[in-house]
Structures are given as C-alpha cells and as structure tokens.
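Take a look at the structure set out below.
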Amino acid sequence: MFGMHGAAVTLGSLALVGSSLVWAPDSQAWPGDQGAVTCTGNSESRYDPPLALASQPTRIHADVRYTCTVGPGRTIAASSSFDSSRVAASCVSDSDASGAETVQYADGGRSVIAIDGVTTVRATGVLFTLQTGHVTEGRGAGHRVRRTVAAPPRQLATDCLTSGIRGSSSGVQLEILP
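Okay, so the sequence shown: first residue is 2 according to the working numbering, each after it adds one.
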C-alpha cells in the first residue's frame with residue numbers, strides 16, 4: 002500500500018519537479034522579503050455531486066489549514082478556502098484548470114489566488130495535482146503561484162461505482178514565488 006509516507010515523498014518530488022516549470026527572476030522579489038512564501042498543510046475537500054465513473058460537471062470545495070514560512074525562521078498560521086467548478090470530473094480523470102483560493106494569514110493579511118493551469122496524475126489510488134496560477138490581490142499580488150496536492154481517497158475505490166467519491170483529505174503545499 003502507498004501510505005501517507007509515500008504520499009509525502011511523492012508530494013515533495015512533485016514540488017521539486019514543479020520548481021523547474023515556474024521561475025521568476027530575483028528582480029521581482031517582494032520588497033522586504035527574503036524569497037518565496039511556502040505554506041504546507043492539510044485540506045478537507047468535498048465534491049458535489051460525488052465523483053463517479055462517468056465524467057460530469059462537479060463543484061469542488063476545500064478548507065485548508067496551513068503553516069506558512071514567510072521568511073528565514075519566521076512562520077505564521079493560515080487557513081484558506083479553495084473553490085473550483087469542473088466541466089468534466091470523474092474518479093479516473095479531471096478536466097479544466099481554473100479555481101480560486103483565498104488564504105487568510107493569522108497576522109490579518111490575505112492572498113487571493115487564481116489557478117489557471119493544472120497537471121493531474123493518479124498513482125496507486127492517490128491523485129496528485131500540480132496547479133499553477135497567480136496572486137490577484139493582497140500579499141504577493143502579481144506573483145506566480147504553485148500549488149501541489151496529494152489526495153488519497155478516504156472512501157473505497159468501489160464507491161466510485163456505487164455512491165461516488167464524496168471527498169478527500171489531502172496534503173497541500175502552496176508556494177507564492179518571489
């Protein structure tokens with residue numbers, strides 16, 4: 002079985018691979034910051050309607066709890082809400098790349114993020130998603146974003162054939178690039 006340790010290793014590997022896909026020059030660094038903001042945490046996602054074998058329009062909502070590294074030795078708690086409407090999603094495939102995430106930092110700041118690119122891979126029952134986008138307002142406005150999600154199903158795979166997959170618990174890494 003793949004397990005959470007394997008999911009964490011694969012999530013880290015996807016983040017490293019993704020780092021070669023998105024790059025911003027140092028001249029775009031945030032004033033006063035030393036580099037990227039990296040948030041790691043867990044999300045609880047819900048699919049409406051539940052994911053089934055046949056593709057169908059689906060709304061996805063996730064509540065995320067993060068710990069964010071915002072500078073050398075400086076971390077801050079954050080929470081977010083992620084929403085996406087997919088034209089065609091199923092237990093075995095996903096389409097569309099759009100979505101929105103609003104991150105609320107414990108210090109009162111926030112980042113509103115638009116997701117406009119996605120790569121999805123399913124391995125040993127775990128859905129790995131690398132999303133890209135940019136911050137539209139708030140902390141990091143104008144900067145590129147990379148969001149990596151590892152989502153092992155919390156229901157049996159056979160549920161796809163009957164009641165559908167209603168949601169997932171996922172590991173999430175969000176990077177606001179310098």
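Yeah, the Cβ is synthetic: ideal placement off N, Cα and C, and Gly gets one too.
C-alpha gap between residue i and residue j, whole angstroms
i      : j      : result
Gly172 : Phe83  : 14 Å
Ala114 : Thr163 : The residue asked about is misnamed: residue 114 is Ile in this sequence, not Ala. Roughly 35 Å between the two C-alpha positions.
Gly139 : Val122 : 31 Å
Leu52  : Ile166 : 5 Å
Gln174 : Cys40  : 6 Å
Thr54  : Val65  : Correcting the residue type first, residue 54 is Leu in the shown sequence and not Thr. Looking at the two C-alpha atoms, the distance is approximately 26 Å.
Ser170 : Gly126 : 13 Å
Pro179 : Glu102 : 18 Å
Asp49  : Ser86  : 9 Å
Cys69  : Ile77  : 5 Å
Gln29  : Arg47  : Note that Gln29 has pLDDT 35, beneath the 50 cutoff, so the model's placement of it is unreliable and the number below is only indicative. Going by the C-alpha atoms only, they are around 36 Å apart.
Arg60  : Val119 : 16 Å
Residue from the options whose Cα sits closest to the Cα of residue i
i      : options                          : result
Gly42  : Gly143, Ile166, Gln57 and Arg148 : Arg148
His135 : Ser112, Pro153, Thr59 and Phe129 : Ser112
C-beta atoms of residue i and residue j nearer than 8 Å
i      : j      : result
Gly141 : Ile177 : yes
Ala90  : Gln57  : yes
Ala152 : Leu128 : yes
Gly168 : Glu45  : yes
According to DSSP, residues forming a beta bridge with residue i
i      : result
Leu175 : Cys40 and Arg148
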